[in-house]
Amino acid sequence: MEEVAPEKILSAKELTLMRDAGKLNKGPGVMIEEEVLAVRCEGASDEEILEVNQASACFNFSKQTL
883 MEEVAPEKIL SAKELTLMRD AGKLNKGPGV MIEEEVLAVR CEGASDEEIL
933 EVNQASACFN FSKQTL
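Position 28 (the sequence shown) corresponds to 910 in the working numbering; numbering is contiguous.
Spelled out as structure tokens, the structure:
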């Protein structure tokens, strides 16, 4: 299967949400307010940002307990 760059199939909003999810998986302290504002500027709603944050938190919790 041929690899496709994420930039070719995902929107700027989706790429920004994925980047922030990756940062949250490294630790919540690495996120700063300006990064959240950047996601909003890409068109993400507060609900979408919250959903990504909750999914990352759930992943991190399960990663620590297994």
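All C-beta atoms in this analysis are idealised placements derived from N, C-alpha and C, irrespective of residue type, glycine included.
1) If you follow the alpha helix (DSSP H) that Ala894 is part of, which residue opens it and which one closes it?
2) Quick one: give me the first and last residue of the alpha helix (DSSP H) that Ser944 is part of.
3) Under a three-way DSSP split, which group does Val912 fall into?
4) Under a three-way DSSP split, which group does Ala887 fall into?
5) Please classify Ser944: is it buried, with 16 or more other beta-carbons within 10 angstroms of its beta-carbon, or exposed?
6) Mark Asp928 as exposed unless 16 or more other C-beta atoms lie within 10 angstroms of its C-beta, in which case mark it buried.
Based on what the coordinates show:
1) 894 to 908
2) 928 to 947
3) helix
4) coil
5) exposed
6) exposed
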